Structures are given as structure tokens and as C-alpha cells.
Amino acid sequence: MSGHSKWSSIKRQKGVADAKRGQLFTKLTREIVVAVREAGANPEANFRLRLAIQRARDNNMPLENIERSIKKGSGELEGSSLNEMMLEGYGPSGVAILVEAMSDNRNRTLQEVRSLFSRHGGGLGESGCVAWMFESEGIITVETAGLDVEELALVAIDAGADDVNVEEGYLEIHTTPQDLEKVRQAVERVKQVVSAEVPKVAKNMVVLDEKETLKALKLLDNLEELDDVQHVFANIDFSEAMLEKLRAET
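Quick note: the sequence shown, position 240, residue 239 per numbering that gives the first Met the number 0, numbers continuous.
Right under this line is the structure:
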């Protein structure tokens, strides 16, 4: 399981998404709006929009919110002007961090992100300084309770999955971004998925000691809490001891 997915699963267990549902809906709305502006309001012809709509549904976003977001993106309803931003930098212990943001005020977002990096012992870098360490990958997560794991793994592989990893309580299915939707549909004939996304996954991970891991996670959490930040990715991995400690705190 990738470091990104390990931390995502811990956050799901903590109920972080439920606690911040209002902010989550705002971020999901922005993703839909920008996807529509980029390639149109027809989900069948717009992969990014299909993915954004599915993610909104996965997080129980009301249908009327989704439809309103599409109308904002197509210009039928008034909406703010959003610009996509990719910010890159290094956190504590040299952890590589990518920050995807959508903002109507680039300078404000840049200042807020730079301030957090600085306060947590890191710093923003030039464009391209860490992006080369990451690549886009489709990741589908399925809870394994009451599931024939081997059977579902075979279903996923037959549908085009590149790899399947079994973790405590979860099955993680890896695909190319292009095959994510096809594999997801095959998997959901057997079991409802927890999430299906296309994150930036680090090609090489770093494992830190407990103190440095907690420092890095504090920065990642604070970045994700910024209103303009959509996603945060890092090349940090977690030792089994650290994972058990984090699970015990849920």
C-alpha cells in the first residue's frame, strides 16, 4: 500500500472526512467546476468530470449540489474564477510534497502555503523541484470484511488492474489512470468500493522515525485544511509500528 493510501485509510478511520464535510463539499465543487471548464459538461466525453462526479457521490454529496456545480462550470450559473496551481516543496527531514490547489487569488494561496511550509521546518521550491518524483496512478480501495479477497483480486486483475495489495482491513487495487473506471466497474459488481482516485504517487518512499513522521504529518494535515488546497501528496511511508500507533489513536 502506498504511503498516500496508508494515511488516507487512517484518516477515514478517524472520521476526518465526516468532521469536515462542509469543506470537503467545497473542494469537490471546485473540482467539478474546473473539470467542466476544461473539457465540457458531458461526463461521457470528459474523464476528469466523470471522476470528480463519482468522487462527489462516494462522499455523499447531494445530487443537486453536483448539478449546480456542473452549471457553474458551464456558465449557466455565476461562479468565481478559479485557477489551478501546483506548488512543490520540502517538508521536515526533506520529505517531498506536492500541493494541488484551486484558487481565485493566486497570491493569497501562495502566501498561505509558503507560511505553513516555513512554520513546519520546510520550504517551497521552484516549479519542477519534486514533481519528477511522482506519477499519476489509479488506486481503488475496498474494505475486506466479509470478502473473498482472492476472488476479488482475480476480478480486478482480469479487468486490467496492474497490481493488488492486501492490507489490514483493506484491499488496494492499482491501475493506470485510463483503466481506473473500467476496473472500478468490475469490482463494484462484487463489492462497493471505499474510494477510487488518481493521486500522485511517489516513485520512491522515505520512512522516518516517529518524531519526524509526526512532524511531517502535522504539516500535511495543516496544508489539507487550507480552503484553497484540493490535494496534498508526499513521499513519506509509514513503518508498521507507526501505523499501529496511528490506528490506536483512532
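Virtual Cβ for every residue (Gly too), placed ideally from N, Cα, C.
Every value quoted in this text rests on a predicted model; they were computed, and no experiment measured them.
Measuring CA to CA, which of 170, 178 and 61 is closest to residue 25? The residue given as residue 25 occupies position 26 in the sequence shown. Nearest option by C-alpha distance: 61.
Across the stretch 189-201 and the stretch 211-224, are there enough close Cβ pairs to call them in contact, namely three or more that are closer than 8 Å? no
Would you list the one or two residues that DSSP bridges to residue 162? To locate residue 162, count along the sequence shown from 1; it is residue 163. Under DSSP, residue 162 forms a beta bridge with 173.
Name the two residues that bound the continuous alpha helix (DSSP H) containing residue 74. Taking the first residue of the sequence shown as 1, we reach residue 74 at position 75. Here residue 74 belongs to no alpha helix (DSSP H), and DSSP marks it neither H nor E.
Between the stretch 226-239 and the stretch 209-218, do at least 3 Cβ pairs fall closer than 8 Å? yes
Neighbourhood of residue 135 by C-beta, 8 Å cutoff - its chain only, sequence neighbours within 5 removed: Position 136 of the sequence shown, counted from the start, is the residue given in the question as residue 135. The residues are 176, 197, 198, 199 and 200.
Would you decide whether residue 71 is buried or exposed? Buried here means 16 or more other CB atoms lie within 10 Å of its CB. Mapped onto the sequence shown, residue 71 falls at position 72. Answer is buried; the Cβ neighbour count reaches 16.
Whole-angstrom distance between residue 83 and residue 38, CA atom to CA atom: Here residue 38 refers to the residue found at position 39 when the sequence shown is read from its first residue. Here residue 83 refers to the residue found at position 84 when the sequence shown is read from its first residue. Straight-line measurement puts the Cα of residue 83 at about 14 Å from the Cα of residue 38.
If you check the beta carbons only, do residue 90 and residue 127 fall under 9 Å apart? Counted from its first residue, the sequence shown places residue 90 at position 91. Counted from its first residue, the sequence shown places residue 127 at position 128. The Cβ-Cβ distance between residue 90 and residue 127 does not fall below 9 Å.
With a threshold of 7 Å on Cβ separation, who are the neighbours of residue 241 within its own chain once the five nearest residues in sequence on each side are excluded? Position 242 of the sequence shown, counted from the start, is the residue given in the question as residue 241. The residues are 209 and 212.
Chain-order list of residues whose beta-carbon lies under 7 Å from that of residue 190 (same chain, five-residue window excluded): Locating residue 190 in the sequence shown gives position 191, counting from the first residue. Around residue 190: 141, 146 and 151.
In chain order, what residues of the same chain lie with their CB nearer than 6 Å to the CB of residue 172, ignoring the 5 residues before and after it? One-based indexing of the sequence shown puts residue 172 at position 173. So the qualifying residues of the chain are 139, 155, 160 and 163.
Coil, strand or helix - residue 232 by DSSP: On the sequence shown, position 233 is the one that residue 232 refers to. Of the three classes helix, strand and coil, the one that applies to residue 232 here is strand, per DSSP.
Taking 9 Å as the threshold (C-beta atoms), are residue 35 and residue 65 in contact? Taking the sequence shown and counting its residues from 1, one reaches residue 65 at position 66. Taking the sequence shown and counting its residues from 1, one reaches residue 35 at position 36. Cβ distance not < 9 Å, so residue 65 and residue 35 don't count as in contact.
To the nearest angstrom, how far is the alpha carbon of residue 109 from that of residue 115? On the sequence shown, position 110 is the one that residue 109 refers to. On the sequence shown, position 116 is the one that residue 115 refers to. Those two C-alpha atoms are separated by around 10 Å.
Please list the terminal residues of the continuous alpha helix (DSSP H) segment that includes residue 100. For the purposes of this step, residue 100 is identified with residue 101 of the sequence shown, where counting begins at 1. Looking at the DSSP string, residue 100 is not in any alpha helix (DSSP H); the run it does join, the beta strand (DSSP E), is 95-102.
Nearest-angstrom Cα distance between residue 174 and residue 86? Numbered from its first residue, the sequence shown carries residue 174 at position 175. Numbered from its first residue, the sequence shown carries residue 86 at position 87. Straight-line Cα distance between these residues: approximately 25 Å.
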